[in-house]
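Q: Numbering (the numbering used here), first residue to last: -1 to 178.
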Ligand code: IMP
Ligand code: MG
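1. Can you tell me whether DSSP reads residue 178 as helix, strand or coil?
2. Which partner residues of residue 3 appear in the DSSP bridge assignment?
3. Excluding the five sequence neighbours on either side, which residues of its own chain have a C-beta within less than 6 Å of the C-beta of residue 45, listed in chain order?
4. Let me know the secondary structure DSSP gives residue 149 once reduced to three states.
5. Under the three-state reduction of DSSP, which class applies to residue 35: helix, strand or coil?
6. Determine which residues share a DSSP beta bridge with residue 163 and list them.
7. Contact defined as beta carbons within less than 8 Å: I believe residue 174 pairs with residue 11. What is the distance between those atoms, to the nearest angstrom?
8. Between 178, 145, 177, 119, which has its C-alpha nearest residue 127's C-alpha?
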């Protein structure tokens, strides 16, 4: 029988088991360890969703000079061309001259990342790379390349592994997809 969870009013079905996700995390870490070997990278984790991926990933990172910082993107409904105003909170770490690896739980439309990249550019980093545990190729509307990509997903709503439905489900080690 399919494993399901109920969160608020919705039912979700198991779609990717923890072991497969763990393998993807280790592969992403190996890529970063290889490419960032001499970069003393700053990992910039985008809260809340990326907390679990950040923890799992950083345990596998062996690069000398690795540091970690946490930021948060707040969205407000407002009168911008996109109908949404974003704000970056919590950036206290010096970015200038650093090789930055953005750590994201999931890239959906790419709009959050597009905003974050624009703000970071203003801080004159040496370079910026993107690591995302999940991405939905069919949902992407921005010109963004995920440099270190975990697992590609269908364009469906998912929870678990840090991702939530209205606050619930972040603690689930497996990934679940919305049924109804
Ligand atoms: P984007 O700006 O459309 O790429 O969306 C980015 C953010 O939306 C992610 O960092 C998540 O926090 C959230 N998000 C996107 N897709 C999902 C999903 O399927 N489940 C839960 N959260 C999601
Ligand atoms: Mg996120």
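For every residue, glycine included, the Cβ atom is placed at its ideal position computed from N, Cα and C.
A: Answer, in terms of the structure:
1. In the chain shown, the residue the question calls residue 178 occupies position 180. Here residue 178 sits in coil by DSSP.
2. Taking the chain shown and counting its residues from 1, one reaches residue 3 at position 5. In DSSP, residue 3 forms a bridge with 10.
3. The sequence position of residue 45 within the chain shown is 47, counting from 1. Once the five neighbours on either side are set aside, the close Cβ partners of residue 45 are 68, 70.
4. For the purposes of this step, residue 149 is identified with residue 151 of the chain shown, where counting begins at 1. The answer is strand: DSSP assigns residue 149 an E or B state.
5. What you label residue 35 is simply residue 37 of the chain shown in a count that begins at 1. It is coil, neither helix nor strand.
6. On the chain shown, position 165 is the one that residue 163 refers to. Answer is 166.
7. As a first step, residue 174 must be located in the chain shown, where it is residue number 176. As a first step, residue 11 must be located in the chain shown, where it is residue number 13. Right, the Cβ-Cβ distance comes to about 6 Å (below 8 Å), so this counts as a contact.
8. Locating residue 127 in the chain shown gives position 129, counting from the first residue. Of the candidates 178, 145, 177, 119, the one whose C-alpha sits nearest the C-alpha of residue 127 is 145.
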